[in-house]
Amino acid sequence: MGLGCLFCFTQFLCLLLFLLQFQATCSVTLSSNINSKPLCHHEQSHALLQFKNSFSIDSSASDGNPPYVLPYPKTDSWKEGTDCCLWDGVTCDLETGNIIELDLSCSMLYGTFHSNNSLFFLKNLQKLDLSDNDFNSSKISSRFGQFLNLTYLNLNYSVFYGQVPSEISHLSSLVSLDLSRNDLTLETDTFNKLVQNLTKLRQLSLNDVNMSMVAPTSFMNLSASLSSLRLGSCSLQRNFLEIVHLPTRLLSLDLSSNDFILDTISLNKFVGNLSNLREIDLSSVNMSSVALNSLMNLSSSLSFLKLRSSGLRGNFPDNIHLSKLVSLDLSFNSNLTIDTIAFNKLVKNLREVELSFVNMSLVAPSSLMNLSSSLSSLALRYCKLQGEFPGNILQRPYLQELDLWGNEDLTGSLPKSNWSSSLQVLYLSYTKIPIYVEPYFINNLRSLKILGLVSCNFIDSKNLALFGKLTQLNSLYLSYNNFSGQIPSSFENLKYLTSLYLSSNHFSGQIPSSLAQLKQLYYLNLSNNNLSGPIPSKLGSLPSLTSLDLSGNLLNASIPSSLFSLPNLEYLSLQNNQLLGRIGQFRSNSLYYIDLSYNKLHGPIPNSIFHLLKLSVLILSSNDKLTGEISPSVCKLQFLEILDLSNNSLTGFIPQCLGNFSNSLSVLHLGMNKFRGNIPSTFSKGNGLRYLNLNGNKLQGGIPLSTINCTNLEILDLGNNEIDDMFPHFLATLPELQILVLHFNKLRGSIKNSFTSNCSFPKLRVCDLSNNNLSGPLPTNYFDNFEGMIKIDQNMKYMGAKNFSYDYSVALTLKGLEIKLVRIQTIFTTIDLSSNKFTGDILWSIGKLKSLKQLNLSHNCLSGNIQPSLRNLTNLESLDLSSNFLSGRIPTQLVDLTFLQVFRVSYNQLEGPIPEGKQFNTFDNSSYEGNMGLCGFPLQKQCNDGERQQPAPLEEEDSKSENGFGWKAVLIGYAYGLVFGLTMGYLMFKTREPMWFVRIVWILIDSKGKRLNKNTHKFYGRRN
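As structure tokens, then:
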């Protein structure tokens, strides 16, 4: 036993010595290999550092498509004296040490990319990715053609501008080229060189590159090895699909958002040659004429099909078999209907389903259980689903995204456990699915990146602070609910949050300053709550904040100056609060939207605001105490679209440059201030002005002729000024003018149309010329051509700026009351010519304006009868003809105006019975006072039996012919002719006229004519 043990111990020692020697040998070898690894070359390291210093870091330069890719400054790790092969984004050749790959995508680089950039010293680059940066509209240098070893070049979404240089065609080794999402243009010659020389190309992406000049035949020479081609939004010629023959080996094709029109024949012909396709995107291509059954001809091997916003219509067939399809997008085809049978066959193997804005009202929600067990994404936004949603969909193990937003009749329940651990996106907004903010609900959302619970059916929301446990969240949408109390302080735990929307709730108290700890925050919206107190100055320390909306609260302190210094702030809305003090100095150059309206700010507008060269919207209205003059520096804002400084105490002259400094200006509202002088007379041709409001100032002079250049003008409001001029007839030629307000000025003379065109005021719907000195007859030609009032518009929309949420407003006198229309419906129509000196008859043609709601001709010198044709104004709500010289009877036909709420004919010379019935039974004495000849209800004066109201004649009988003569005029003429003939005959035979005959003649004349009322002298005396 002793010898045996000794032998074993000896063997153990030998083995131990062997292992120690082996380890030492390996260590020496490894150390030798490490020491022999070449470091980054000094000149290449120096070139990278120079490249780094040529750009600044700006968080707004990279979007990164949050929350999936978060941008970060890779060049921050580049330090002199360290091995550049270990820097972020840098890859070196292990043998030579040369830099062969450079990936600087999403690196927040901002600045101009000059042609002498040090990057071009890296001759050995094989892969270069500069995507998602901001190179400030630089041109792509021809020196990119020197990278002869490049196999991969990606300049996607990096703000390059201009022509694609032909030198790119020198990169004959390229396998992948991506120039998409820039403001680039590609000419035919350059494209021909590309397709001829880049024979190894397998992936070509040119989305958003302008290729309108490239002939379709140029695509014939594309590399046969090409497997992926992306030409979305390239402005390709409309006959592209009819001519081009693409490589038959093509696996992926994107032709979205081009101006093609695909019908059934052209679709079959086009896809017939592409039998190998795996992916196809024809989104936003007009396919409204395609028979849905023809989709059967798509490649049976298709795995990705995207026909978003393609105008597909009809019932989706249930005989289309795409057994290998895993991703389908038919969204935004609102005329497309899918029933349960077609849905079950279509989605059987799908992993990604996008059917938002498709009519699925015929699909039972229980059919969703037929979706593949490997489902990863399901988007059914606004699909009209109704019934009980199968909540166990959330237990599918691979589910990453579920979007049910806007299915307002969708009910059901959510499972309490075992939700997919892969879930990252959940939208339940605008559904009736009950939600309990309980620990079990929050625990199921631990992996979530985006949560949308806008206007939801919250059963229990007392534990709102529990949302602070979702520490992986990037976006949280809780707007339009009934949350109350203070904003939970636990939200400060959401360190990765980029978007927080708590608007339109009932939150109270102060804005928690702890929100300033959310350093990743891009968007913060706390609008339309009951928040009070000051705005925390710490919010000005959020480095990434892009949009801040605190409007519609009770904030009542000064605006902290730190907000004006936020480096990346683009959108600032603080309107409708009680903010005090002066507006601070702006130091951020990124702002494009500022709204500080409806507060209590005072003092002058800071000049620094006019140096924000990206500014598109500036709204400082209704602060009342803003004073001083508008600096001419305002005309430096070349991108300004909306300028609203109304309802303040601004003085001085309106800068003349506002008429021609920018063609992008669409809204100019300077009303209700104290401006003096003349209206700018410099409106240039091609300007984009749609809304011009200078109401309520002290402007003098005339309306400038250059206004005729505002061919897009929809609203012109110059009321309540001191304009002293003849009526501006040239405004009648403005093709888009819908609202014209010139009331309370000193306009004079006749408004008889001086143009012979039949297109006078073609779209006018509101015309207010009241309280001026206009005279003469009513303008027949205008009333004959008011097409905007003749046609009845059934589409109720509101007028406003298209690019921004800005509603037009106008002040009018409606039904006797001064009213400011904050929102103007497109169906609203009115004519107000009151308080002028118009003479003559009421025009018969007014009866053609069938959409008219208000008509005010009061306080003029109009005479004659009230036209029975007014019965055709079936939408009329207010009719004021008071204080004129109108005579005769009130037409009984007006009883047919069933919407009439206000009727005034007081202080005229009317006589006879007041019509009875319908709306006329609701009017009081004030509607008729000052007409001594009127009788009947509601007046105390009763009518005699001989004055009994006659039934209204048929419409054909009371309407005039085109020459203005109806049956009444013919009868009256016949009576006069008879009397005249009898009189002349009698005088031929008698020398003396008997008194009885004279009396008969005067009785006939009086019964059919226009003898003055005996109270005429009293009426004249009252008016004068």
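Read in order, the letters of the sequence shown are residues -27 to -1, 1 to 997 in mature numbering (1 follows the signal peptide of the UniProt record, and there is no 0).
Backbone N, C-alpha and C define an ideal beta-carbon position, used for all residues, glycine too.
{"Query": "Segments assigned beta strand (DSSP E), at least 3 residues, entirely inside the stretch 861 to 904", "Result": "875 to 877 and 882 to 886"}
{"Query": "Stretch-stretch touch, CB-based, cutoff 8 Å, three pairs: the stretch 858 to 868 with the stretch 829 to 843", "Result": "yes"}
{"Query": "Where Ile293 sits in the DSSP three-state scheme", "Result": "coil"}
{"Query": "Assigned secondary structure, Gly813 (DSSP; H/G/I helix, E/B strand, else coil)", "Result": "strand"}
{"Query": "Between the CA atoms of His642 and Phe648 - distance to the nearest angstrom", "Result": "12 Å"}
{"Query": "For Gly650, the three-state DSSP class (helix, strand or coil)", "Result": "strand"}
{"Query": "Inter-residue CB distance, Asp382 and Leu353 (contact presumed, cutoff 8 Å)", "Result": "Not quite, the Cβ-Cβ distance comes to about 13 Å (not below 8 Å), so this is no contact."}
{"Query": "Euclidean distance between Cα positions of Ser487 and Lys587", "Result": "31 Å"}
{"Query": "For Ser239, the first and last residue of its enclosing alpha helix (DSSP H)", "Result": "Thr237 to Gly245"}
{"Query": "Candidates Met772, Leu610, Leu278 and Glu327, of which the one nearest residue 999 by Cα", "Result": "Summary: the structure shown does not reach residue 999, with the chain confined to residues -27 through 997, and so no result is reported for it."}
{"Query": "Span separating the alpha-carbon of Met342 from that of Leu275", "Result": "24 Å"}
{"Query": "Ile797 to Gly820 span [Cα, whole Å]", "Result": "24 Å"}
{"Query": "DSSP state of Phe970 mapped onto helix, strand, coil", "Result": "Note that Phe970 has pLDDT 33, beneath the 50 cutoff, so the model's placement of it is unreliable and no number is given."}
{"Query": "For Ser149, three-class secondary structure by DSSP", "Result": "strand"}
{"Query": "Asn332 versus Thr313 - alpha carbon distance", "Result": "11 Å"}
{"Query": "Opposing strand residues paired with Ser563 [DSSP bridges]", "Result": "Looking at the DSSP assignment, Ser563 forms no beta bridge with any residue, so it has no partner."}
{"Query": "Own chain partners of Val410 with C-beta closer than 8 Å, once the 5 adjacent residues on each side are dropped", "Result": "Phe431, Asp433, Ser434, Lys435, Asn436, Leu437, Leu439 and Phe440"}
{"Query": "Burial state of Lys914, where buried means 16 or more other Cβ atoms lie within 10 Å", "Result": "exposed"}
{"Query": "Gly84, DSSP secondary structure in three states", "Result": "coil"}
{"Query": "Inside the stretch 688 to 744 only - beta strand (DSSP E) runs reaching at least 3 residues", "Result": "688 to 690, 712 to 714, 721 to 723 and 739 to 741"}
{"Query": "Residues near Asn308 in its chain [Cβ-Cβ closer than 6 Å; skip 5 each side]", "Result": "Arg286"}
{"Query": "Sub-7 Å separation of Ser808 and Ser900 beta-carbons", "Result": "no"}
{"Query": "Lys573 to Leu552 span [Cα, whole Å]", "Result": "6 Å"}
{"Query": "Touching by the beta-carbon criterion (3+ pairs, under 8 Å), the stretch 76 to 95 and the stretch 14 to 21", "Result": "yes"}
{"Query": "Rounded C-alpha distance that separates Gly70 from Gly54", "Result": "16 Å"}
{"Query": "At least three beta-carbon pairs within less than 8 Å, the stretch 624 to 636 to the stretch 647 to 664", "Result": "yes"}
{"Query": "Pick from Asp697, Asn620, Asn231 and Asp66 that is closest to Met645, judged by C-alpha positions", "Result": "Asn620"}
{"Query": "With 16 other Cβ atoms within 10 Å as the buried cut-off, status of Ile688", "Result": "buried"}
{"Query": "Lys826 burial status per 10 Å Cβ neighbour count (16 or more: buried)", "Result": "buried"}
{"Query": "N- and C-terminal bounds of the alpha helix (DSSP H) containing Ser18", "Result": "His15 to Asn26"}
{"Query": "Sub-7 Å separation of Leu358 and Pro338 beta-carbons", "Result": "yes"}
{"Query": "C-beta atoms of Ser185 and Lys166 nearer than 7 Å", "Result": "no"}
{"Query": "Length of the line joining the Cα atoms of Ser516 and Asn212", "Result": "It should be noted that the sequence gives Pro, not Ser, for residue 516. For Pro516 and Asn212, the distance between alpha carbons rounds to 49 Å."}
{"Query": "CB contact flag (Phe703, Ile681, <7 Å)", "Result": "yes"}
{"Query": "Span of the beta strand (DSSP E) around Asp853", "Result": "Ser851 to Asp853"}
{"Query": "Unbroken beta strand (DSSP E) run spanning Pro338, endpoints", "Result": "Run containing Pro338: none; DSSP gives neither H nor E here."}
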